[in-house]
Amino acid sequence: MATSSSSNTRTVELNNGIKIPQLALGTYLTSDNEIAHVVKTALEAGYRHLDCAWLYGNEKGVGQGIREAIKESNGKLKREDIYITAKIWNTFHRANFVAKAFDISSKDLGLEYIDLFLIHWPVAFDDQGDPTKTENVKIADDIDYLETWQAMEKLVDEGKVKSIGLSNFTEEQIERVWHIAKHKPVVNQVELHPYCQNKALQTFCDKYKIKLQAYAPLGAKERSWAENDDPMLMNDPIIEAIAKKHQKHTALILLAYIMQRGIICVAKSSNEKRLKTNLEALELKLDEDDMKQIEENIKIKFRYYLFEDAKKSKYYPLKDWKQEKNKNGGQTGVDRSALDLAIQYSIDHGGWCPRGRKAEDGVINEKYQLKETPSDVYSERTEWNVRDSDGTLVLICGDQNNIDTGTQYTIDITKKYDKPLLIVDLEHQDVLIETVVDWLKQNHIKILNIAGPREQNSPRIYQKAHIYLRQLFKSFVDE
1 MATSSSSNTR TVELNNGIKI PQLALGTYLT SDNEIAHVVK TALEAGYRHL DCAWLYGNEK
61 GVGQGIREAI KESNGKLKRE DIYITAKIWN TFHRANFVAK AFDISSKDLG LEYIDLFLIH
121 WPVAFDDQGD PTKTENVKIA DDIDYLETWQ AMEKLVDEGK VKSIGLSNFT EEQIERVWHI
181 AKHKPVVNQV ELHPYCQNKA LQTFCDKYKI KLQAYAPLGA KERSWAENDD PMLMNDPIIE
241 AIAKKHQKHT ALILLAYIMQ RGIICVAKSS NEKRLKTNLE ALELKLDEDD MKQIEENIKI
301 KFRYYLFEDA KKSKYYPLKD WKQEKNKNGG QTGVDRSALD LAIQYSIDHG GWCPRGRKAE
361 DGVINEKYQL KETPSDVYSE RTEWNVRDSD GTLVLICGDQ NNIDTGTQYT IDITKKYDKP
421 LLIVDLEHQD VLIETVVDWL KQNHIKILNI AGPREQNSPR IYQKAHIYLR QLFKSFVDE
């Protein structure tokens, strides 16, 4: 359950009864020189939760920002009003170094106690006698994170830490900790956003009343190892459509989505305006349809943080994860998007597919009521779908002069059969839904052929078509 507080934020209750602000300011990738100003600005704006880590190399600056904000508040802001999350890095996992990890962070932050102390990753690195050295480290699988946990429990007993938790742990790893724990883990901080929804993990954690804490909620676009074809979460067409509906920035939709699931959210920004704007997500309410669109229709599976250096560890938590950044759950483009929506809205559908039900992503599921052509040639399927329909609606994304071969063939065949043809550019939204409806009525179209490029030829066309066609189909269902 989430409750409001007077500090322009909202709290959720942990399994030890302590309340934690649901929206935290992330401090990763903010330099030590600028973090003090960012933290001070955030606290003045109403943030009451700061997410820190020794690895980030800026805890001294965070501490400076805290002190400046408290001093300039003239008694209105106190240390106990601010919730601090910190993390123990992989080189500090040996029991005899855990207290040292706390001492370093608390000294740098200038704090007598830390509210929440997490094991940053379940993987241990060889400390080489000095855990503050992070270069040329090797995996140390002889160090079990259970050893680390039991040493952290002593920090709770000594009053140095209020709560302890985990980060990047799997269900199995959480279970191991839970069964030996004197002080139970209160959170598991993981990468979480619409491309990495972690629904099963949340269900598991709910069983133990462990709260999920989400990092990279906006897609971590600033990371140095990003590749050109990585999906951009902030530019996802479904997120953009919901943002347009609410007249809000896509960042607010992403933050609201996480918090609406009861999850603690760590949002990073060093931009003063965006930092303040992000607080608006606390008041933004997504409706049931918004949540359904995100959770059912976004098919990309992608993590921005895979922690490649730890892959060889037996404790590496992402062994079973498979990136699917260009594959939309087997959807291959416009035609499949139309079929999925027809099923969703109980609209009769049909048509032709190549012999063997072959498609770009494998064998076409039997739930799609398609008949097989005598040959396995795609062009035959295309022609027969045009032939047996009353008109063809082609959805593209971009310049009509750069249409792929398959889509151009559909256009040419439609003209050959002298059937009604309408081409819509989804990128520029050049044809309104009302115009399509009028076109259908004027041409007396009862059987509509919907076509367009495959996902391979036009990345994310499935999602863009889904948003457009959903409005079209809904207009008929609502009549």
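Residues 1 to 479 (UniProt numbering) are what the sequence shown spells out, left to right. All C-beta atoms, glycine included, are put in the ideal place defined by N, C-alpha and C. Bear in mind that the values here come from a model prediction, so they are computed numbers and not experimental data.
| Check | Outcome |
| --- | --- |
| The stretch 244 to 261 contacting the stretch 27 to 46, beta-carbon criterion three pairs below 8 angstroms | no |
| Run of the beta strand (DSSP E) containing PHE169, from where it starts to where it stops | Per DSSP, PHE169 belongs to no beta strand (DSSP E) and is neither H nor E. |
| Local conformation of LYS237 per DSSP, three classes | Reading the sequence as shown, one finds Pro at residue 237 and not Lys. Helix at PRO237. |
| Inter-stretch contact at 8 angstroms, needing at least 3 Cβ pairs: the stretch 172 to 182 / the stretch 192 to 199 | no |
| Anticipated Cβ contact below 8 angstroms, GLY219 with HIS249, distance rounded | GLY219 to HIS249, Cβ: 13 angstroms. No contact. |
| Cβ-based neighbour list, LEU25, same chain, cut-off 6 angstroms, excluding 5 preceding and 5 following | ALA42, TYR47 and LEU50 |
| Under the three-state DSSP convention, the category TRP89 falls into | coil |
| According to DSSP, residues forming a beta bridge with ASN449 | THR392 |
| Cβ neighbour criterion (16 or more within 10 Å) applied to TYR257 | buried |
| Inter-residue spacing [alpha-carbon to alpha-carbon] between GLU272 and VAL39 | 10 angstroms |
| Under the three-state DSSP convention, the category ARG386 falls into | Checking the sequence, you will find Val at residue 386 rather than Arg. If DSSP states are grouped into helix, strand and coil, VAL386 belongs with the helices. |
| Coarse secondary structure for ALA303, derived from DSSP in three states | Reading off the sequence, residue 303 comes out as Arg, not Ala. Note: ARG303 maps to coil in three-state DSSP. |
| Residues of its chain near VAL334, where Cβ-Cβ distance is below 7 angstroms and the 5 sequence neighbours each way are ignored | LEU395, ILE450, ALA451, GLY452, PRO453, ILE461 and ALA465 |
| Neighbourhood of ILE364 by C-beta, 8 angstroms cutoff - its chain only, sequence neighbours within 5 removed | CYS353, ARG357, LYS358 and LEU370 |
| C-alpha gap between LEU318 and GLU171, whole angstroms | 11 angstroms |
| Touch test, the stretch 126 to 140 against the stretch 148 to 156, Cβ-Cβ under 8 angstroms, three pairs minimum | no |
| Classification of ILE66 by the beta-carbon crowding that lies within 10 angstroms, buried from 16 upward | buried |
| Bridge partners - HIS193, DSSP secondary structure assignment | CYS196 |
| Buried or exposed (CB count within 10 angstroms, at least 16 for buried), VAL377 | exposed |
| Alpha-carbon spacing of residue 485 relative to LEU284, whole angstroms | This structure cannot settle anything about residue 485, because the visible part of the chain is limited to 1 through 479. |
| Neighbourhood of LEU341 by C-beta, 7 angstroms cutoff - its chain only, sequence neighbours within 5 removed | HIS466, LEU469, ARG470 and PHE473 |
| Contact check, GLU34 vs SER270, beta carbons under 7 angstroms | yes |
| Pick from TRP225, ARG94, SER389 and GLY406 that is closest to HIS444, judged by C-alpha positions | SER389 |
| Neighbour-count burial assignment, residue 482, 16 or more Cβ in a 10 Å radius | Outside the shown range of the chain, which is 1 to 479, sits residue 482, and nothing can be said about it. |
| Other residues of its chain near LYS312: CB distance less than 7 angstroms, five sequence neighbours each side excluded | ILE139 |
| Residues of its chain near LEU116, where Cβ-Cβ distance is below 8 angstroms and the 5 sequence neighbours each way are ignored | ILE20, TYR83, ILE84, THR85, ALA86, VAL161, LYS162, SER163, ILE164, GLY165, VAL186 and VAL187 |
| 8 angstroms contact criterion, which HIS120 and ASN96 should meet: CB distance rounded | With 8 angstroms as the limit, HIS120 and ASN96 do not qualify as a contact, their Cβ atoms being about 18 angstroms apart. |
| Own chain residues within Cβ distance below 6 angstroms of SER458, not counting five before or after | CYS397 |
| heavy atom of the ligand ATP below 6 angstroms from GLU227 C-beta | Absent from the structure shown: the ligand ATP. Ligands present: none. |
| Reduced DSSP secondary structure (H/G/I, E/B, other) of LEU14 | coil |
| Rounded C-alpha distance that separates TRP54 from GLU240 | 35 angstroms |
| Straight-line gap, THR414 to PHE476 (C-alpha atoms, nearest Å) | 24 angstroms |
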